[in-house]
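Chains as they are written, first to last, in my numbering: chain H, 1 to 77; chain W, 1 to 77. The beta carbon of each residue, even a glycine, is placed where N, CA and C say it ideally should be. Because the structure is a prediction, the values reported are computed rather than measured.
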């Protein structure tokens with residue numbers, strides 16, 4: 001199965017959601033991308049439709065925005 | 001494992017998220033509650049912290065609000 005991608009920016013809401021998603025989906029099924037550590041992935045996330053973090057992009061390309069940590073504008077600032 | 005509970009109200013955003021969550025988590029690991037079919041579950045969801053649908057309450061009791069379909073006020077109207 002193609003992996004989901006979980007995008008986050010290290011905010012408390014993000015970290016909490018990250019733990020939940022890993023527990024629910026399984027660590028082996030999700031790639032974790034932290035924009036604070038890798039800003040080069042921001043463009044790819046925006047192209048996928050990510051408007052805020054934390055967000056999960058499913059293997060089928062749907063974007064699930066989970067709660068609200070920060071907007072992508074905040075992430076880029 | 002205790003099941004997660006996915007609360008929704010039949011809106012297009014809800015149905016799309018329902019499919020994604022079932023694919024990601026596995027149908028056997030999530031109970032689906034449709035408020036349009038069972039309004040008696042609304043109070044339980046609000047006590048769990050659900051503010052809008054679709055939302056997933058994890059086995060540990062965390063609430064993941066996924067995208068935005070409708071507020072609980074809309075659901076009760």
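Is the distance from the Cβ of residue i to the Cβ of residue j below 8 Å?
i, j, result
"residue 35 of chain H", "residue 75 of chain H", "yes"
"residue 54 of chain H", "residue 13 of chain H", "yes"
"residue 25 of chain H", "residue 25 of chain W", "yes"
If we cut at 8 Å on Cβ distances, does residue i have a partner in chain H?
i, result
"residue 25 of chain W", "yes"
"residue 32 of chain W", "no"
"residue 20 of chain W", "yes"
"residue 17 of chain W", "yes"
With H, G and I counted as helix, E and B as strand and the rest as coil, what does DSSP make of residue i?
i, result
"residue 31 of chain H", "strand"
"residue 77 of chain H", "coil"
"residue 48 of chain W", "helix"
"residue 9 of chain W", "coil"
"residue 78 of chain W", "For chain W, the structure presents residues 1 to 77; residue 78 of chain W sits outside this window and is missing."
I believe residue i touches residue j by the beta-carbon criterion, under 8 Å. Please report the beta-carbon distance rounded to the nearest angstrom.
i, j, result
"residue 21 of chain W", "residue 30 of chain W", "6 Å"
"residue 5 of chain W", "residue 33 of chain W", "6 Å"
"residue 8 of chain W", "residue 69 of chain W", "7 Å"
"residue 51 of chain H", "residue 71 of chain H", "7 Å"
Item to check | Interfacial residues, the stretch 61–74 of chain H to chain B, with Cβ spacing under 9 Å | outcome: In summary, chain B is missing from the structure at hand, where the protein chains are H and W.
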